[in-house]
Amino acid sequence: MASVWISGAGMTPFGRRTQSLPDLMADAARAALTASGIEVPDAIVVATMNPEEFLGEGNFASRIATHLGFAYVPAIRVETATSSGAAAIFAGFTAVASGTARAVLVVGGERMTHLPTPRVSEIIGRSIDPYERSYGATMPALAGLITRALMARSGLSAREISQVAVKNHANAVRNPYAHFRAPVALAAVMASRLVADPLRLFHCCPISDGAAALVLTASRAAVRIAGIGQGTDALAVRHRQELTSFRATQAAAKAAFAMAGFGADRVEVAEVHDAFTPFELIALEDTGLFPPGAAGRATLDGETALDGRLPVNPSGGLKARGHPLGATGIAQVVELVWQLTGQAADRQVSAHVGLAQSIGGLATNNFVTLVEAA
Amino acid sequence: MPPPVIDQIQGSRCPQCGTAVVPPARFCPWHPVAMAPVSLTGLGEIVTFTTLHSPPEGFRSPLHIALVELQGGARLVCHGEATRGIRIGSRVAIEAVDRVYYFAHLGALDRARLFWRRAGRRGERLEAIARSWAKRLWKGRGRDTGE
């Protein structure tokens with residue numbers, strides 16, 4: 106299999122944006138193309154979770170290609186719920202690795218803040234099993250069920266899941282692309298209102314607008330995709346054999362490490378899917394970065410902080426950088442590229458290998474991507 | 012507190028791996044094998060639960076949701092009137108009201124009643140009375156609007 110390189114990365118600031126989604130995607134795409142020095146890609150992969158309902162627009166691959174002035178460049182859209190961005194990287198990777206294309210523009214984004222919160226929750230909730238949804242199950246509700254089971258099983262404390270928010274907000278203060286740029290105190294997280302017991306408001310990521318893009322090439326660049334893997338599980342949470350770890354992440358990590366030919370010990374920085382803060386701790390254990398049951402304590406001890414042994418979510422994560430669904434999986438890798446190439450400014454860490462983990466739906470369709478500095 | 016009502020719950024079982032699911036599904040989630048109908052007793056254990064404070068439209072706040080594992084192995088999502096006294100591992104009875112499943116805590120007294128109910132016909136008659144009484148109480152609870 107041919108090597109696949111990341112020759113350009115770009116994103117818009119995340120948060121409440123006034124631009125249209127095509128304009129946000131164009132800004133991210135232009136930034137990535139400029140960084141790569143490629144004027145016209147061979148192919149485009151577009152990621153959005155649900156422009157049909159958020160915007161009332163479909164046929165979105167053609168929409169974006171045309172908007173970018175690439176009406177003659179073949180474009181497809183991929184969708185795997187909240188991991189659509191990572192799925193787009195996966196699709197772009199296979200195109201380059203197979204020799205089908207030599208330069209692929211991968212661009213993802215979502216525009217959500219123009220709708221009222223209950224409507225946004227309803228649209229995101231479309232990715233939940235219909236029977237569970239008929240009982241009022243939303244993403245926070247299912248995350249609440251998982252968090253309670255996790256706390257009971259592993260002894261994970263409210264302090265530990267709250268510290269994830271404190272750390273990620275602290276990182277986002279240093280990230281000009283982040284949705285939230287204010288720190289939060291542990292006491293404030295622990296006193297925020299209950300959303301889905303035991304999950305509180307500050308354990309949950311915000312609703313954000315934004316876009317992110319990468320240019321993947323067959324020609325050598327500063328960062329290589331060392332491994333990429335996909336893992337899946339049953340759509341219905343009630344069918345899962347395990348509630349407190351995600352089989353989809355474990356399978357994706359196994360595949361990614363097998364492709365890379367190295368293990369978790371080589372990873373020096375990680376961007377993981379902390380849509381709900383306990384999910385960061387589950388991700389660290391499912392990917393093998395921490396032994397089972399150790400991630401909560403390690404977070405309290407500062408091991409995953411910017412100056413810790415293994416910085417996790419230096420961007421601020423979904424929690425504080427923001428979570429514009431289709432953009433998120435790509436933005437994680439954009440951050441890793443910047444970290445590996447010394448472009449992360451005030452939040453720069455020292456790393457040669459990075460891991461990104463993205464969750465689709467309630468961990469039904471997950472991806473793990475490993476990137477390595479050349 | 013009315014005595015708990017035990018319903019039979021319709022599900023399906025995989026002939027290959029024995030997995031049971033509720034509601035019935037055409038194929039096993041783990042194998043492309045047609046599932047066979049199975050009737051499960053509405054008794055089980057709380058696997059986990061939550062209380063949703065901003066439920067979606069059409070549901071009353073706070074909304075109590077539990078994941079319950081039935082004795083036959085299938086897990087189902089159900090509503091409850093309250094989670095006070097409920098813990099992971101609590102024994103619950105499942106009742107269907109207008110095809111919506113509700114859990115009710117089984118105290119020591121309830122478990123004793125269940126034992127006697129299984130013992131004979133008179134118990135079954137009592138159960139029928141209790142069931143209709145409980146259904147009247149449950150009806151309309153937990154949801155703002157009908158199906």
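Note that the protein sequences, when read in sequence, are chains A and B.
Take 106 as the starting number for the first sequence in this note's numbering and just add one per residue.
Take 12 as the starting number for the second sequence in this note's numbering and just add one per residue.
We put the CB at the ideal spot given by N, CA and C, even for glycine.
Residue nearest to residue i in terms of C-alpha spacing, selected from the options
i, options, result
"Val476(A)", "Arg452(A), Ala449(A), Trp443(A) and Ala468(A)", "Trp443(A)"
"Arg484(A)", "Leu467(A), Phe159(A), Leu250(A) and Ala114(A)", "The question about residue 484(A) has no answer, for chain A in this structure spans 106 to 479."
"Thr205(A)", "Leu441(A), Glu237(A) and Thr322(A)", "Thr322(A)"
"His64(B)", "Leu126(A), Asp147(A), Gly249(A) and Val145(A)", "Gly249(A)"
"Pro397(A)", "Glu184(A), Arg258(A), Val328(A) and Ala292(A)", "Arg258(A)"
"Ser491(A)", "Gln355(A), Glu215(A), Ser262(A) and Ala140(A)", "The shown model of chain A, from 106 to 479, leaves out residue 491(A), and the question about it has no answer."
"Gln462(A)", "Val183(A), Ala358(A) and Lys272(A)", "Ala358(A)"
"Ala353(A)", "Glu390(A), Gly422(A) and Asp370(A)", "Glu390(A)"
"Thr187(A)", "Arg286(A), Ala166(A) and Ser226(A)", "Ser226(A)"
"Glu376(A)", "Asp370(A), Ala388(A) and Gly142(A)", "Ala388(A)"
"Gly161(A)", "Ala131(A), Gly174(A) and Ser125(A)", "Ser125(A)"
"Val342(A)", "Phe119(A), Thr139(A), Gln448(A) and Met244(A)", "Met244(A)"
"Glu56(B)", "Gln27(B), Gly84(B), Asp109(B) and Arg24(B)", "Gly84(B)"
"Asn155(A)", "Gly230(A), Ser108(A) and Pro118(A)", "Gly230(A)"
"Leu117(B)", "Val33(B), Gly100(B) and Pro34(B)", "Gly100(B)"
Contact check, residue i vs residue j, beta carbons under 9 Å
i, j, result
"Ile194(A)", "Gly434(A)", "yes"
"Glu68(B)", "Pro223(A)", "yes"
"Val88(B)", "Tyr282(A)", "no"
"Val212(A)", "Val294(A)", "no"
"Ala318(A)", "Ala133(A)", "yes"
"Asp314(A)", "Arg168(A)", "no"
"Gly368(A)", "Gly336(A)", "no"
"Ala425(A)", "Trp110(A)", "no"
"Ser267(A)", "Arg298(A)", "no"
"Leu348(A)", "Leu405(A)", "no"
"Leu78(B)", "Arg86(B)", "yes"
"Leu220(A)", "Phe175(A)", "no"
Beta-bridge pairing of residue i - partner residues as DSSP gives them
i, result
"Phe195(A)", "None, per the DSSP bridge assignment."
"Gly120(A)", "Asp314(A)"
"Trp110(A)", "Thr322(A) and Arg329(A)"
"Val458(A)", "Glu477(A)"
"Ala304(A)", "According to the sequence as given, residue 304(A) is Leu; it is not Ala. Ala301(A)."
"Arg24(B)", "Ala31(B) and Ala47(B)"
"Gly113(B)", "Inspection of the sequence shows that residue 113(B) is occupied by Tyr rather than by Gly. Its beta-bridge partners are His90(B) and Glu106(B)."
"Gln335(A)", "Phe472(A)"
"Cys309(A)", "Phe381(A)"
"Ser463(A)", "Phe472(A)"
Exposed unless 16 or more other CB atoms sit within 10 angstroms - verdict on residue i
i, result
"Leu467(A)", "buried"
"Ile20(B)", "buried"
"Tyr177(A)", "exposed"
"Asp451(A)", "exposed"
"Arg98(B)", "exposed"
"Ala292(A)", "exposed"
"Arg182(A)", "buried"
"Ala45(B)", "exposed"
"Gly96(B)", "exposed"
"Gln95(A)", "Any property of residue 95(A) remains undetermined from this structure, which presents chain A solely from 106 to 479."
"Gly131(B)", "A caution first: Gly131(B) carries a pLDDT of 48, below 50, which makes its placement in the model unreliable, though a value can still be read off. Exposed is the call here."
"Val103(B)", "buried"
"Met217(A)", "buried"
"Asn276(A)", "buried"
"Thr153(A)", "buried"
"Gln437(A)", "buried"
"Gly163(A)", "exposed"
"Arg345(A)", "buried"
"Lys150(B)", "Here the model assigns Lys150(B) a pLDDT of 49, short of 50, so the residue's position is not dependable and the matter cannot be decided."
Amino acids of chain D, ordered along the chain, whose beta-carbon sits closer than 7 Å to that of residue i
i, result
"His344(A)", "The structure shown contains no chain D; its protein chains are A and B."
Proximal residues, the region 17–36 of chain B versus chain A, C-beta separation under 7 Å: Val32 and Pro34
Please list, in chain order, the residues of the region 60–71 of chain B that have any C-beta partner in chain A closer than 7 Å. Phe60, Thr61, Thr62, Leu63, His64, Ser65, Pro66, Pro67, Glu68 and Phe70
May I ask you to list, following chain order, the residues of the region 261–285 of chain A that have a beta carbon less than 7 Å from some beta carbon of chain B? none
When you check each C-beta in the region 288–314 of chain A against every C-beta of chain B, which residues fall closer than 9 Å? Arg298, Leu299, Val300, Ala301, Asp302, Pro303 and Leu304
In chain order, what residues of the region 99–116 of chain B put their CB closer than 7 Å to some CB of chain A? Ile99
Select from the region 81–94 of chain B all residues with a C-beta closer than 9 Å to any C-beta belonging to chain A, and list them in chain order. Ala85, Arg86, Leu87, Val88, Cys89, His90 and Thr94
Relative to chain B, which residues along the region 177–193 of chain A have a C-beta separation below 9 Å, given in chain order? none
Select from the region 204–225 of chain A all residues with a C-beta closer than 7 Å to any C-beta belonging to chain B, and list them in chain order. Pro223
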